[in-house]
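The structure appears below as structure tokens.
Protein chains: 2
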Amino acid sequence: MVRRARRSSGRVTLQDVAKYVGISKITVSRVLREPHRVSPELKERVEQAIERLGYIPNRQAGALASARSHSIALLVPSLSNLVFSEVLRGVADVFDDTGYQVLLGHSSYSAFEEERLISTYLSYGVDGFIISGSRHTDRARELLIRSQLPVVEIMELPAKPIDMAVGFSHEQAGFDMTHALIKAGYQRIGFGGARMDHRAQNRLAGWRRAMIEARMDDSACLTTTRPSSYRLGADILADLMARWPELDAIFFCNDDLAAGALFECQRRGIRVPEQLALAGYNGLDITDATFPTLSTVVTPRRRIGLEAARLLKLRLLDETPEETRIDTGYEIAIRGSS
Amino acid sequence: MVRRARRSSGRVTLQDVAKYVGISKITVSRVLREPHRVSPELKERVEQAIERLGYIPNRQAGALASARSHSIALLVPSLSNLVFSEVLRGVADVFDDTGYQVLLGHSSYSAFEEERLISTYLSYGVDGFIISGSRHTDRARELLIRSQLPVVEIMELPAKPIDMAVGFSHEQAGFDMTHALIKAGYQRIGFGGARMDHRAQNRLAGWRRAMIEARMDDSACLTTTRPSSYRLGADILADLMARWPELDAIFFCNDDLAAGALFECQRRGIRVPEQLALAGYNGLDITDATFPTLSTVVTPRRRIGLEAARLLKLRLLDETPEETRIDTGYEIAIRGSS
DNA sequence: CGTGAGTTTGTTACCGCTATCATGAAAAAC
DNA sequence: GTTTTTCATGATAGCGGTAACAAACTCACG
């Protein structure tokens, strides 16, 4: 019934390959890691043996022996948010063909879950971290610092990163978009937000600062901690318009909400942008596809991934990056909806 | 005494905890894995020591010693496709709090990349696989079979799975949606497709079968291998309408295309569904949000993830699932766009 | 032809943990 | 009271690799 666990897994090991060729296993190991140090003929024979026996290296053993796992962790809040899939693409582009494996984790926007993930990936022996956000639990911070591993915090731009950082100011981006709306002549600008994580709050803060600087009323603000969705965008639009019918523009803390609001406007016959202007945040594909197209803050997600990976890679190769805190900026894209 | 240089990583190990408490390391190990086998007082002291020293287990060492990594691999074609983030959610829901780690890999719709991923995750010593699709390279198949690990193929429903399978027939789903359009009275139904992976081709086949069965013209079909996007949906719509202006309905192989086409209709002043009906595939959130809402084939992505994970988990616990090939079905949702 | 440097291969000792078996003491059974 | 079982803990030997050092062999050069 209960099978006795064998000590040996039955898998082909280095030793098996070595015995097959009639050499020692360290030489087989060298063929895989430092082929130039092995004579061509022997290398050839070893490679054939590997092929014939179907040998697959055991990375756990390798990592244990060398104290290097050749893997890094990329921690994001959400995988269903397209924002982060582009970050991943950037990271993957840099680490492809370097022999490094990118392990993906998602914290569901929870700092505690993030802490757990950090702990998990430390136990996997990752060689470095790329982590979204700069808000962590104290213990998470401590884990990272004590690990002495290279860490890149991305998306935001903390004043004092744990180690390195690549991102931009969401507060300033929120300010700039609001400012652009104001300059375009909109008088009564509302704000709609969902999820309201740290970054969304900063966008809101930017909106508020711009409104106050322009001596405009900053009361038309509706936020919820519920996760963002198209439907929620429609609901928020409805609520905002019910409470502040005089609004002539709404800045949403992300594109999903803005798109959902646009659909709701179409449903209600509200003409965009004539009656009501809309703006989103992130510059997802959809903002460029809807009718009218959506004004938005285009955030350089892929570039953030690329730069973060570049910094981390340098560190992994024991080189010193010229800078360790990169402001990628963003772009205010005024489109059909405003 | 010439002492060899130590290779130790400097990290806190089981041995350190054991020494701190004044016991052997195997007992510390037991506290973590089989706490009931350790006396309560000792357990308490060990736990305090672990806390105090900040011990984090090394999973690679554990996996190496026990030949069990307590991790599984989930391989999907794409992470930017929201279809798969819901599958992941289902899988994660089952494996949360089981001590199993879900390692995510994406093949970018390439069978060769998939093969590479399988090899990589085998070298990580995963205990099982959940793999999207049933089209694999010969070597990938062989790797999986030889590994003797439990494997669940998902999304499609192959006649002869490698091991287990959870999915449904995309051909039948394509047929059913087309059939529903025909029954609703549409006379000239086109098909628009992108990416055209195996599953998309099956949907096309279903459309074609329904058209032929109804003795309708199945020539109005436009597909491309380019990746799907909203913009591409607009382009395909434009091309279809240019070549077959008489079309009164279009079935797209996914929701992104359908939504993009809808936006393009709005742009061109084509009334949906009066002048042209649209239908998508997958039932993403957006289909329920646009105006009009989009008819679509709602695929049970989360459930597929749940069921696949359930089967795999049973296998990992050495239990035998009652069935190893689950047809989840799907739902034809007729909404505002048709 | 001896010598030293460079190249190629091997030996040994771990990495940090767990499987297995062993041990002594306490509890249960006879 | 003795034997058996159970419980709590420990000693030992790996798991499958790699680092560090060592040895054997090559080859150029004086």
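Each protein sequence line maps, in turn, to chains A and B. Add 566 to the 1-based position in the first sequence for the working numbering, that's all there is to it. Add 566 to the 1-based position in the second sequence for the working numbering, that's all there is to it. For each residue, glycine too, the CB sits at the ideal point set by N, CA and C. Fair warning: this is a prediction, and the values are worked out from it, not measured in the lab.
From the options, residue whose alpha carbon lies closest to that of residue i
{"i": "Gly561 (chain B)", "options": "A:Arg712, A:Phe857, A:Ala845, A:Arg876", "result": "This structure cannot speak to residue 561 (chain B), because chain B is shown only from 567 to 904."}
{"i": "Gly895 (chain A)", "options": "A:Ala843, A:Ala746, A:Val649, A:Ala739", "result": "A:Ala739"}
{"i": "Asp884 (chain A)", "options": "A:Gly846, A:Gly694, A:Ile898", "result": "A:Gly694"}
{"i": "Ser735 (chain A)", "options": "A:Ala899, A:Arg891, A:Ser904", "result": "A:Arg891"}
{"i": "Ser537 (chain A)", "options": "B:Asp784, B:Gln614, B:Leu580", "result": "Given a span of 567 to 904 for chain A in the structure shown, any question on residue 537 (chain A) remains unanswerable."}
{"i": "Ile898 (chain B)", "options": "B:Ser861, B:Lys879, B:Gly871", "result": "B:Ser861"}
{"i": "Asp783 (chain A)", "options": "A:Gly758, A:His764, A:Arg754", "result": "A:Arg754"}
{"i": "Ile622 (chain A)", "options": "A:His636, A:Leu598, A:Ser605", "result": "A:Leu598"}
{"i": "Ile638 (chain A)", "options": "A:Lys609, A:Leu654, A:Phe650", "result": "A:Leu654"}
{"i": "Ile696 (chain A)", "options": "A:Thr703, A:Glu708, A:Leu669, A:Pro724", "result": "A:Leu669"}
{"i": "Phe661 (chain A)", "options": "A:Leu877, A:Ile592, A:Ile748, A:Leu709", "result": "A:Leu877"}
{"i": "Gly849 (chain A)", "options": "A:Val649, A:Phe817, A:Met730, A:Ala615", "result": "A:Val649"}
{"i": "Gly758 (chain B)", "options": "B:Ala725, B:Arg881, B:Ala843", "result": "B:Ala843"}
{"i": "Ile852 (chain B)", "options": "B:Gly871, B:Leu723, B:Ala786, B:Ala825", "result": "B:Ala825"}
{"i": "Asp729 (chain A)", "options": "A:Arg707, A:Lys749, A:Ile748, A:Ala750", "result": "A:Arg707"}
{"i": "Asn820 (chain B)", "options": "B:Pro724, B:Gly902, B:Tyr586, B:Pro793", "result": "B:Pro793"}
{"i": "Thr790 (chain A)", "options": "A:Arg781, A:Ala808, A:Phe818", "result": "A:Phe818"}
{"i": "Leu709 (chain A)", "options": "A:Arg701, A:Leu723, A:Pro727, A:Glu681", "result": "A:Glu681"}
Chain B contact residues for residue i, given Cβ-Cβ distances below 8 Å
{"i": "Ala629 (chain A)", "result": "Gln626"}
{"i": "Pro623 (chain A)", "result": "Ser689"}
{"i": "Gly733 (chain A)", "result": "None at all; the shortest Cβ gap to chain B is about 20 Å."}
{"i": "Gly826 (chain A)", "result": "Ala855"}
Cross-chain neighbours of residue i in chain A, by beta carbon under 7 Å
{"i": "Leu670 (chain B)", "result": "Leu670"}
{"i": "Gln581 (chain B)", "result": "Chain A residues near Gln581 (chain B): none, gap ~14 Å exceeds 7 Å."}
{"i": "Gly620 (chain B)", "result": "Arg712"}
{"i": "Gln667 (chain B)", "result": "Thr686"}
{"i": "Ser590 (chain B)", "result": "Ordered by position in chain A, no residue passes the 7 Å Cβ test against Ser590 (chain B), which lies about 20 Å from the chain."}
For residue i, three-class secondary structure by DSSP
{"i": "Arg869 (chain A)", "result": "helix"}
{"i": "Gly772 (chain A)", "result": "helix"}
{"i": "Phe695 (chain A)", "result": "strand"}
{"i": "Gly902 (chain A)", "result": "coil"}
{"i": "Val718 (chain B)", "result": "strand"}
{"i": "Cys831 (chain B)", "result": "helix"}
{"i": "Gly758 (chain A)", "result": "strand"}
{"i": "Arg891 (chain B)", "result": "strand"}
{"i": "Ala815 (chain B)", "result": "strand"}
{"i": "Thr744 (chain B)", "result": "helix"}
{"i": "Thr789 (chain A)", "result": "strand"}
{"i": "Thr686 (chain A)", "result": "helix"}
{"i": "Thr853 (chain A)", "result": "helix"}
{"i": "Thr859 (chain B)", "result": "coil"}
{"i": "Gly733 (chain A)", "result": "strand"}
{"i": "Leu641 (chain B)", "result": "strand"}
{"i": "Leu580 (chain B)", "result": "helix"}
{"i": "Gly826 (chain A)", "result": "helix"}
{"i": "His702 (chain B)", "result": "coil"}
{"i": "Tyr752 (chain A)", "result": "coil"}
{"i": "Glu897 (chain B)", "result": "strand"}
Amino acids of chain B, ordered along the chain, whose beta-carbon sits closer than 9 Å to that of residue i
{"i": "Arg797 (chain A)", "result": "Asp851, Asp854, Ala855"}
7 Å Cβ cut-off: residues of chain B touching residue i
{"i": "Phe829 (chain A)", "result": "Ala855, Thr856, Phe857"}
{"i": "Arg833 (chain A)", "result": "Phe857"}
{"i": "Ser673 (chain A)", "result": "Correct list: empty, because the minimum Cβ distance to chain B is about 12 Å."}
Cβ-heavy atom distance, residue i to the ligand HEM, below 7 Å
{"i": "Arg634 (chain A)", "result": "In terms of ligand content, the structure shown is empty, and the ligand HEM therefore cannot be addressed."}
Interface residues of chain A facing residue i [CB-CB closer than 8 Å]
{"i": "Ser635 (chain B)", "result": "Gln626"}
Contacting positions in the stretch 687 to 704 of chain A - beta carbon closer than 7 Å to chain B: Residues passing the 7 Å Cβ filter: Leu688, Ser689, Tyr690, Gly691.
Given 8 Å, three or more beta-carbon pairs between the stretch 618 to 630 of chain A and the stretch 613 to 629 of chain B: The stretch 618 to 630 of chain A vs the stretch 613 to 629 of chain B: in contact.
Inter-stretch contact (C-beta, 8 Å, three-pair minimum) for the stretch 806 to 816 of chain B and the stretch 828 to 846 of chain A: Judged by pairs of C-beta atoms under 8 Å, the stretch 806 to 816 of chain B does not touch the stretch 828 to 846 of chain A, as fewer than three such pairs exist.
Within 9 Å of chain B by C-beta, residues of the stretch 790 to 822 of chain A in sequence order: Those would be Ser795, Tyr796, Arg797, Gly799, Ala800, Asp822, in chain order.
The stretch 767 to 783 of chain B in contact with the stretch 792 to 806 of chain B per 3-pair CB rule at 8 Å: Cβ pair count under 8 Å is below three, so no.
Contact residues within the stretch 640 to 661 of chain A, judged by C-beta distance below 9 Å to chain B: Taking 9 Å as the Cβ-Cβ cut-off, the stretch 640 to 661 of chain A approaches chain B at Ser644, Leu645, Ser646, Asn647, Leu648, Phe650, Ser651, Glu652, Leu654, Arg655, Ala658, given in chain order.
Members of the stretch 709 to 730 of chain A that neighbour chain B once the beta carbon cut-off is set at 9 Å: Taking 9 Å as the upper bound on Cβ-Cβ separation, chain B lies near residues Leu709, Arg712, Ser713, Gln714 of the stretch 709 to 730 of chain A.
Validate contact between the stretch 847 to 859 of chain A and the stretch 822 to 837 of chain B using beta carbons, cut 8 Å, 3 pairs: Contact holds: three or more Cβ-Cβ distances are below 8 Å.
Where the stretch 836 to 850 of chain A meets chain B: residues whose CB sits under 9 Å from a CB there: Nothing from the stretch 836 to 850 of chain A brings a Cβ to less than 9 Å from some Cβ of chain B.
The stretch 663 to 681 of chain B contacting the stretch 721 to 734 of chain B, beta-carbon criterion three pairs below 8 Å: A contact between stretches requires three or more CB pairs, one per stretch, nearer than 8 Å, and the stretch 663 to 681 of chain B fails this requirement with the stretch 721 to 734 of chain B.
Any 3 or more C-beta pairs closer than 8 Å across the stretch 705 to 720 of chain A and the stretch 741 to 749 of chain A: At 8 Å Cβ cutoff, the stretches do not touch.
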